[in-house]
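To keep things clear, I will list the structure first and then write my remarks on it.
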Amino acid sequence: MMRFSLVVLSGFFQAAQRAVQYADSLASALGGRLVLLHVKRASLFDPYVFVGETMRREELDYEKDTSALLAQLVGRLRAPTTVELTTDLLPEVAFDLASRHQPALFVLGLPATERASSELLSTAALDLLRSAQLPMLLVPVATAASALPQRVLIAADGDDFALKDCAAVSELFRALAPELTVVHVSPLDDDETCARALRAVQRSGLTAAVRSVDLRGYQHKSPTGGLLEAIGEQAADLVVVLARPHSYLGELFHRSVTARVIAQSPVPVLVLPVSEPSAPRRKPLHLSADDGMLWPEV
1 MMRFSLVVLS
11 GFFQAAQRAV
21 QYADSLASAL
31 GGRLVLLHVK
41 RASLFDPYVF
51 VGETMRREEL
61 DYEKDTSALL
71 AQLVGRLRAP
81 TTVELTTDLL
91 PEVAFDLASR
101 HQPALFVLGL
111 PATERASSEL
121 LSTAALDLLR
131 SAQLPMLLVP
141 VATAASALPQ
151 RVLIAADGDD
161 FALKDCAAVS
171 ELFRALAPEL
181 TVVHVSPLDD
191 DETCARALRA
201 VQRSGLTAAV
211 RSVDLRGYQH
221 KSPTGGLLEA
231 IGEQAADLVV
241 VLARPHSYLG
251 ELFHRSVTAR
261 VIAQSPVPVL
271 VLPVSEPSAP
281 RRKPLHLSAD
291 DGMLWPEV
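Structural data, given as structure tokens:
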């Protein structure tokens, strides 16, 4: 069994604390470890170029106080944990972090809100994802900290995709042995496309370590509405969505299916970056105004 490393964007507010607790439960169950990443702010340039020594001393005091508080948090966790403290998440920092820790997932807590927007996610998190292309687990603040996913939905269309590295997530499914269901949402009763969705997931290797995978189609005018209906009906405790390159970098949290699911999902959402197939993508016939990541734009 591979050794998991989970990078968690940590902090002292409820959402971040819940993400740390949830990640600790996962890491403990899998024999993995945590990396608590605390970022004071994020920028694309060195913030110390235009400031003097007074600001530098204030930063050192901040780091000392924060380190002490994070050490107290580490002492309450079950999984082996290290701390990464940085003032800014510059691109080179993100690359270095990914290189040294080889994380399987990047974990981020979401505050209680009914509206999804880019402000839900810190600039630090987006910079890290753009730089390192890590799978991202978004944990709503209402999630039970000790609950491990046992009923997992994978939202898929009928298009093939390839995962950058499916080994970690596939092993996660093998270790947890959840009930896996591929969900396809369409405004039409379309069994053919529904079956293609299952085959696309299976060909990706995502479910290679799982003995059986169920398939459920949901007829709904809205991809988001159909997926949320599936979460409730299937009593799911984790939903997996696929982030294709264009949406992952540009529209992931702006008027996309994923943004709406993140805003309304009562369970954690695992966002997996995927690559497009070499052949031109087939445009599905069930395009809707609730368009975005899983349903291509017209």
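Numbering-wise, the sequence shown is residues 1 to 298 according to the UniProt record's numbering. Ideal placement from N, C-alpha and C gives every residue a C-beta, glycine not left out.
Between G109 and the set V141, S5, V83, T81, the nearest pair of CA atoms involves V141. By the criterion of at least three beta-carbon pairs nearer than 8 Å, the stretch 207 to 220 is not in contact with the stretch 235 to 243. Shortest Cα-Cα distance from V183 to any of A162, E229, R216, P135 involves R216. When L34, R199, A177 are compared, the shortest CA-CA separation from Q102 is found for L34. Following the DSSP letters along the chain, one finds D214 inside the beta strand (DSSP E) bounded by residues 213 to 219. Distances from the CA of A27 to each of V261, Q14, V8 were compared; the closest alpha carbon is that of V8. For E84, the uninterrupted beta strand (DSSP E) run begins and ends at 81 to 86, by DSSP. Each of L77, T66, R78, R76 was checked against the Cα of E84, and the nearest Cα belongs to T66. Just so you know, the alpha carbons of L198 and A162 end up roughly 14 Å apart.
Collapsing the DSSP output to three states places S67 in a helix.
A79 and F4 have their C-alpha atoms spaced approximately 11 Å apart.
Nearest C-alpha to C194 among Y218, V93, V274, T87: Y218.
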